[in-house]
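Note that this note's numbering has the sequence shown beginning at 374, numbered continuously upward.
Ideal Cβ placement from N, Cα and C applies to all residues, glycine included.
I have placed the structure first, in the form of structure tokens, so that the comments after it can refer back to it.
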Amino acid sequence: PDTGISLNNLAALHESKGAYDKALPLYQRALAITEKAQGPEHPATGGRLNNLSALYFTQEKYSQALPLVQRAFGIAISRAGTNPELLAQVANNLCILKQTTSRPEAIFYCKIAVNTRKTQRESAKSMGKELQLSLQAKTQDPYLLLNRLLTLSQRYYESEEVLLAMKVAEFNHITRADTVADTGVSRTATEAKLENELNDLGLRFGELLAQQEKLKSAAADANALAKNREQINIANKNIQENLAKLATALK
């Protein structure tokens, strides 16, 4: 795992300098090492997938970026309760990736990112000021992107709602109190239905992954592990199939 972290960090450094040809093989190696050491559905693997996808997007290799970030989303939604940071990052990257090809999908993912950040801010109220400042900064870009996408889609009421939610978050952060209720960003009936379906699938996926860990700890027989693996693959496939249907469902 330490080698994977080091390679990932070095890749990020090269990427920040625009040396994409140096960053790419490092991200690929980091993913391979992390996946082998910690498993194909581990949150760390999800993070590596997300990073590699983002680099492909920067290089305009969209067909290579999309399956990686969608796989990362499946991992993230299965750990939404315990690792909201991964979900926020992956949803935001999906929003960025989809903004030119499917604006309704981009809006859908951006709303997930914004509302996940809201949940994180609420959890951080009792924590240090630096963490709160970090979360506040991370929230700004998704809000602004969501506002722009809604405006371009002529969904003006929702775009105004996003700006209001951003101002509420800023005001509460400055006063360090819930002076104004932060209700987050609302979803349409269709968006809510689709997100709830994904959450349910993610919950099932997460339960099966937790069961896998218990079976391994208990040194379960090969048949039990194989059955669990089959169920995990089906759960993951269900999530990916739902993601593939979003564009049609959101029209």
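Exercise for the section: Check whether the Cβ atoms of A464 and A438 sit closer than 8 Å, and answer yes or no. Expected result: Taking the sequence shown and counting its residues from 1, the one referred to as residue 464 is at position 91. Taking the sequence shown and counting its residues from 1, the one referred to as residue 438 is at position 65. No, the pair does not count as a contact, with Cβ atoms beyond the cut-off.
At the level of alpha carbons, what is the spacing between R560 and V541? As a first step, residue 560 must be located in the sequence shown, where it is residue number 187. As a first step, residue 541 must be located in the sequence shown, where it is residue number 168. If you draw a straight line from the Cα of R560 to the Cα of V541, it is about 18 Å long.
Using the Cβ count rule (16 or more neighbours within 10 Å means buried), how would you classify R452? On the sequence shown, residue 452 is found 79 positions in, with the first residue counted as 1. By the beta-carbon neighbour count (other beta carbons within 10 angstroms, threshold 16), R452 is buried.
| task | Please say whether K484 and E564 have beta carbons closer to each other than 8 Å? | result | As a first step, residue 564 is located in the sequence shown; it is residue number 191 there, counting from the start. As a first step, residue 484 is located in the sequence shown; it is residue number 111 there, counting from the start. Contact annotation: E564 and K484 have beta-carbon atoms nearer than 8 Å.
In this structure, how does DSSP classify D594 when only helix, strand and coil are distinguished? Counted from its first residue, the sequence shown places residue 594 at position 221. Coil.
For this session: Give the secondary structure of Y393 by DSSP, where H, G and I count as helix, E and B as strand, and everything else as coil.
Result: As a first step, residue 393 must be located in the sequence shown, where it is residue number 20. Looking at Y393 - three-state DSSP - the assignment turns out to be helix.
**Asked** Unbroken beta strand (DSSP E) runs of length 3 or more, entirely within the stretch 457-502: which are they?
**Response** Segments of the beta strand (DSSP E) lying fully in the stretch 457-502: there are none.
- Leaving out the 5 sequence neighbours to the left and right, which residues in its chain are closer than 8 Å to A591 when beta-carbon positions are compared? Along the sequence shown, read from residue 1 onward, the residue named residue 591 stands at position 218. Cβ neighbours of A591 beyond the five flanking positions: none.
| task | Reducing DSSP to helix, strand and coil, say where S436 ends up. | result | Locating residue 436 in the sequence shown gives position 63, where the first residue counts as 1. Here S436 carries a helix assignment [DSSP, helix/strand/coil].
Assess, as a yes-or-no matter, whether the stretch 385-403 is touched by the stretch 424-440 under the definition of 3 or more beta carbon pairs within less than 8 Å.
Result yes; three or more Cβ-Cβ pairs closer than 8 Å.
**Asked** Taking Cβ positions, are R476 and L522 nearer each other than 8 Å?
**Response** Here residue 476 corresponds to residue number 103 of the sequence shown, with the count starting at 1. Here residue 522 corresponds to residue number 149 of the sequence shown, with the count starting at 1. Yes; because the gap between Cβ atoms is below 8 Å, this pair is in contact.
**Message:** Going by beta-carbon coordinates alone, are I480 and G575 separated by less than 8 Å?
**Reply:** Translated into the one-based positions of the sequence shown, residue 480 becomes position 107. Translated into the one-based positions of the sequence shown, residue 575 becomes position 202. At least 8 Å separates the beta-carbon of I480 from that of G575.
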